[in-house]
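Okay, so here's the structure we're looking at.
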DNA sequence: TCTGGGGTCCTAGGACCC
DNA sequence: TCTGGGGTCCTAGGACCC
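In our numbering, the protein residues as written are 86 to 518.
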């Protein structure tokens with residue numbers, strides 16, 4: 086008996102849907118430029134946490150040939166020779182710039198989805214607009230004028246085609262605006278490699294090429310049923326989307342089901358005491374995020390690992406999941422659980438590279454069944470006060486002693502720019518000539 | 001010396017149930 | 001000899017995204 090497939094991709098019965106994808110150009114590099122105009126037309130790269138890898142580049146840096154994702158030490162010579170400006174990532178700044186942009190975008194349509202730190206989908210079909218590209222141009226100018234960040238806009242009848250349009254807007258147009266419609270869709274897809282479609286990575290791309298599907302147009306013409314059998318419902322949906330059949334709607338912002346905080350250390354860590362500080366610190370970060378979305382965790386996952394690249398010692402990684410007796414959102418209680426857990430997986434005489442926690446199985450506070458072990462009202466007030474104080478002053482104004490005072494293991498960010506928009510002491514300074 | 005962090009969704013397969 | 005069919009729940013792992 087062959088396997089039966091019960092469900093096919095459910096498509097949204099939407100006639101004439103119009104999606105616009107607004108994507109900031111080289112977002113991190115652009116943020117740095119806003120506060121340092123001398124960087125205009127200069128090559129810029131931004132490094133990952135701990136100044137590890139290149140994670141963002143300006144167009145000039147791309148042109149020089151500095152690759153994405155490469156460890157910094159491997160391209161340091163090229164970066165120095167080409168006088169490329171280097172920044173550590175400054176998520177406080179990028180996050181704040183992002184929320185300003187998203188807030189501006191929300192004025193252009195009631196139906197939108199914040200997809201990532203630098204992208205948003207806007208649904209335009211319910212608006213009385215004559216020309217989508219004219220509207221997109223207004224959006225573009227407004228964002229640039231209000232924040233200094235350049236954006237590109239791609240428009241299409243599905244989210245996947247809007248993504249394609251945005252790709253074309255960035256690569257092949259001068260203004261950074263492009264619309265895909267029935268008359269030009271095949272021509273555009275013919276010139277696009279299958280891996281460049283949203284949702285098709287290197288792995289699926291390789292397998293598709295083995296099936297003689299090389300371009301996005303080949304993929305559009307593939308049988309959805311076959312794609313589902315060979316791959317999954319996700320891949321089937323992409324085929325439908327390329328055929329202008331909308332399968333992906335706007336996602337509402339839903340509370341996270343799990344929240345992770347983890348970092349590799351700025352220095353090698355061998356002592357249990359230091360690891361405990363880091364675990365307490367990550368517990369605090371994750372708990373703060375969790376309370377912000379009004380959730381409780383039913384458990385926590387605690388992990389530590391050594392570096393894969395260190396040949397002087399065996400690669401060790403271990404993790405432990407603790408299930409709470411009743412759901413928790415109290416930083417103090419969660420730190421206690423996490424610290425007990427790490428003692429069980431700590432292995433002495435190793436130099437650790439990374440540690441972190443994941444709060445699991447989150448539920449909304451309103452769904453909580455009160456029981457004997459529910460948090461006492463005093464603890465609830467304490468957590469509220471803690472969050473308010475840290476929000477008002479700055480992250481870490483109040484912290485648990487378990488996190489340690491010096492936190493020497495914290496990541497390196499030797500080339501970070503100032504927190505221009507969120508810290509009174511670091512405001513940008515204008516000089517008169 | 002130095003190799004990121006934080007998510008989501010889907011599938012397969014095992015355990016278990018009637 | 002011959003060991004169904006249909007379902008749920010859970011977990012691990014793969015693949016993808018930015």
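Every residue gets a Cβ at the ideal spot worked out from N, C-alpha and C, and that includes glycine.
C-beta atoms of residue i and residue j nearer than 9 Å
i	j	result
residue 349	residue 153	no
residue 423	residue 343	no
residue 436	residue 395	yes
residue 132	residue 149	no
residue 191	residue 112	no
residue 440	residue 390	yes
residue 420	residue 365	yes
residue 204	residue 107	yes
residue 141	residue 105	no
residue 151	residue 119	no
residue 294	residue 270	no
residue 329	residue 258	no
residue 339	residue 333	no
residue 380	residue 476	no
residue 263	residue 239	yes
residue 103	residue 216	no
residue 122	residue 143	no
residue 175	residue 109	no
residue 418	residue 371	no
residue 426	residue 387	yes
residue 430	residue 407	no
residue 392	residue 374	no
Cβ distance (whole Å) where residue i is taken to contact residue j below 8 Å
i	j	result
residue 139	residue 155	5 Å
residue 499	residue 300	Their Cβ separation, rounded to whole angstroms, is 44 Å, which puts residue 499 and residue 300 out of contact at 8 Å.
residue 494	residue 363	6 Å
residue 529	residue 241	Only positions 86 to 518 of the chain appear in the structure, and residue 529 is not among them; the question remains open.
residue 482	residue 474	6 Å
residue 273	residue 265	6 Å
residue 432	residue 400	Not really, about 12 Å apart at Cβ, beyond 8 Å.
residue 220	residue 206	About 15 Å separates the two Cβ atoms, so there is no contact after all.
Residue i (DSSP reduced to helix, strand or coil)
i	result
residue 317	coil
residue 413	strand
residue 253	helix
residue 207	strand
residue 408	strand
residue 282	coil
residue 172	strand
residue 46	In the structure as shown, the chain begins at 86 and stops at 518. Residue 46 is therefore absent and cannot be evaluated.
residue 467	helix
residue 86	Caution is warranted here: a pLDDT of 30 is assigned to residue 86, below 50, making its placement in the model unreliable, and no coordinate value can be reported.
residue 607	The question about residue 607 has no answer, for the chain in this structure spans 86 to 518.
residue 498	coil
residue 93	No answer about residue 93 holds up, because its pLDDT of 48 lies below 50 and its placement is not dependable.
residue 157	helix
residue 274	helix
residue 132	strand
residue 511	helix
residue 426	helix
residue 179	helix
residue 486	helix
residue 234	coil
residue 517	coil
residue 396	coil
residue 472	helix
residue 194	coil
residue 369	helix
residue 590	Residue 590 is absent from the structure shown; the chain starts at 86 and stops at 518.
residue 480	coil
residue 311	helix
residue 152	coil
residue 167	coil
residue 491	coil
Residues sharing a beta bridge with residue i, DSSP
i	result
residue 449	380
residue 239	106, 263
residue 348	440
residue 385	407, 444
residue 391	437
residue 50	An answer regarding residue 50 cannot be provided, because it is not within the stretch 86 to 518 covered by the chain.
residue 354	437
residue 141	131
residue 402	390
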